[in-house]
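Numbering (full-length UniProt numbering), first residue to last: 1 to 336.
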């Protein structure tokens, strides 16, 4: 039974898009993208064919875009409240730090069972908080898979993971009491509580993976061009263009896109016409795009997905940038 529960935990976490790095490679785990606002974006230092693009990192004026983290938590536990009575309480177990909002509940139907939810503004802070929580649980309990712990006093089972929901990254922690003669019952309770909170849907990781229409080579977590995002990546397209992409809450991408376009124009780049390109795919649509030329080519794009905006910047050799855009969005490409 214990092995089955462990497998179920991993399957649930994978399905929710919340296993470790949300589908992106890490560069500096725990680094907030609100730090170091000034940068020089460079596609190839020392290469005269790829001069630098000197811009300050861009963030929306309200990174939360008016969303309430407490409301996200309330919606998240709604399915659990359909079958269980939850009573707000104070935790008697390790919890993560630095959340925007949090709730700890005792499950009335199971004496000594708890669920705790902590909301974070972005992947970076949630990842750091989850790692800190795992370290605390490793002191208090023993684990074999990184998702489930058995209390060293043989008195409780714990499970902790992170997931994206309602515009925030949530760190979720369960505690279920057990005794040696009721291990199967405790593991069943843990499984049932977790299934009530399982949610599979769109996430920033998928916006930067499944719905990108290009592979990102040498991919790293974080962007030199954007900040205040839910999640961002940087790297190279197969055509050799430098790519920076960031996911924001729905509505915040417009401000970032407009600011990016203004900065590029102030650097002396001139907008050039693009050929007829597709704008829609099964997940969303490109609502704004522009191509510029100066001493290099620059393409910017605002994509509206399910509940999220993605802002993309391509730059470098003019031919590489234009070819990358055509491969993503021209008739006959994988888009749409």
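Each residue gets a CB set at the ideal place from its N, CA and C atoms; glycine is no exception. Since the model is a prediction, treat every value here as computed from it, not as a measurement.
In the three-state reduction of the DSSP assignment, residue 137 falls in the helix class. Beta-carbon to beta-carbon, residue 60 and residue 202 are separated by about 19 Å, too far to satisfy the 8 Å threshold. In the three-state reduction of the DSSP assignment, residue 218 falls in the strand class, which pools E and B. Taking the Cα of residue 75 as reference, the smallest distance to any Cα among 158, 239 and 167 is reached at 167. With a threshold of 16 other beta carbon atoms within 10 Å, residue 217 falls short and is exposed. Boundaries of the beta strand (DSSP E) harbouring residue 87: 86-88, taken from the DSSP string. Between residue 115 and residue 177, the C-beta spacing is not below 9 Å.
As DSSP reads the structure, residue 257 sits in no beta bridge. Within the same chain, and ignoring the five residues on either side of residue 132 in sequence, the residues whose Cβ sits closer than 8 Å to its Cβ are 96 and 97. A buried status is given to residue 148, since no fewer than 16 other beta-carbon atoms sit within 10 Å of its beta-carbon. Between residue 170 and residue 126, the C-beta spacing is below 9 Å. Secondary structure note for residue 71: its alpha helix (DSSP H) is the uninterrupted segment 69-76. In this structure, residue 244 and residue 324 do not form a Cβ contact; the two beta carbons are roughly 13 Å apart against a cut-off of 8 Å. Residue 303 is not a Cβ neighbour of residue 251, given a cutoff of 9 Å. In the displayed model, residue 196 falls within a helix according to three-state DSSP. One alpha carbon belongs to residue 184, the other to residue 154, and they sit about 14 Å apart. Three or more beta-carbon pairs separated by less than 8 Å link the region 311-331 to the region 207-224, which places the two stretches in contact. Counting along the chain, residue 54 sits inside no alpha helix (DSSP H), nor does DSSP assign it H or E at all. By alpha-carbon distance to residue 90, the top candidate from 143, 175, 141 and 69 is 175.
The closest CA to that of residue 279, considering only 187, 301 and 198, is found on 301. Of the candidates 232, 321, 309 and 205, the residue whose Cα lies closest to the Cα of residue 274 is 321. Within the model, the alpha-carbon separation for residue 163 versus residue 172 is close to 8 Å. Looking at the DSSP output, residue 303 sits in a beta bridge with 286 and 310.
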